[in-house]
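This report refers to the structure that appears directly beneath it.
In this note's numbering, the protein residues as written are 248 to 424.
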């Protein structure tokens, strides 16, 4: 059963805000976000016939967006001139205890964001994909690099972040491996 045009248009429109938010989390630049979302929507319409009714439209669109972002990243790497505006929001596993002070939480998040922003683009992108739940082999495929390089980048990124954020471990009594 083929999806009719109006339904497809409506479903795409419903996904614009989540797509924009996801793109912004990757680019951290409004102009790049608009370009990335526009490119994603154009590709969605171009390859609409490949979308199967009953499958996850949001997942399909996110995959298109992520692949477009990675392809743009690769293209920029080949040119060796790129803007350093990759993802600025990451999550690191913290112990189950909650930090009660909202102001303190803001400082911690800012320090975490700053520490991640200081990573090289290669480390940041690999680290982000890993924190989003992608497996090593999936990251290697997407970035077209050996799996060993993925493991090394994640290891190095974690080591750098651990060093940059060690004061929080001391303050909150966390174990640093």
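Heads up, the beta-carbon is just placed ideally off N, CA and C, and yes, glycines get one too.
Quick caveat: nothing in here was measured; it's all calculated off a predicted structure.
Let me know if residue i comes out buried or exposed under the rule of 16 or more other beta-carbons within 10 Å of its beta-carbon.
i           : result
residue 300 : exposed
residue 316 : buried
residue 338 : Any answer about residue 338 is weak, because its pLDDT of 44 lies below 50 and its placement is not dependable; what the coordinates show is given next. The residue in question, residue 338, is exposed, as its Cβ has fewer than 16 Cβ neighbours within 10 Å.
residue 374 : buried
residue 389 : buried
residue 262 : buried
residue 283 : buried
residue 404 : buried
residue 371 : buried
residue 249 : Unreliable positioning characterises residue 249 in this predicted model, as indicated by a pLDDT of 48, which lies under 50. The coordinate reading is nonetheless provided below. Label assigned to residue 249: exposed.
For the alpha helix (DSSP H) that residue i lies in, which residues bound it at each end?
i           : result
residue 287 : 277-293
residue 298 : Careful: residue 298 lies outside any alpha helix (DSSP H) and carries neither H nor E.
residue 385 : 383-390
residue 366 : From DSSP, residue 366 is part of no alpha helix (DSSP H); its letter is neither H nor E.
residue 410 : 394-411
Determine, using beta carbons only, whether residue i and residue j come nearer to each other than 8 Å.
i           : j           : result
residue 304 : residue 270 : no
residue 397 : residue 386 : yes
residue 255 : residue 297 : no
Using the Cα positions of residue i and residue j, report the straight-line distance between them to the nearest angstrom.
i           : j           : result
residue 384 : residue 366 : 22 Å
residue 286 : residue 417 : 45 Å
residue 409 : residue 377 : 16 Å
residue 309 : residue 411 : 31 Å
residue 360 : residue 354 : 10 Å
residue 290 : residue 273 : 18 Å
residue 277 : residue 392 : 29 Å
residue 400 : residue 307 : 27 Å
residue 267 : residue 413 : 34 Å
residue 292 : residue 415 : 47 Å
residue 302 : residue 257 : 16 Å
residue 275 : residue 253 : 32 Å
residue 369 : residue 318 : 13 Å
residue 281 : residue 288 : 11 Å
residue 395 : residue 402 : 10 Å
residue 322 : residue 356 : 31 Å
residue 260 : residue 380 : 27 Å
residue 314 : residue 320 : 10 Å
residue 364 : residue 279 : 17 Å
residue 426 : residue 264 : Within the shown structure, residues of the chain are numbered from 248 to 424, placing residue 426 beyond reach of any answer.
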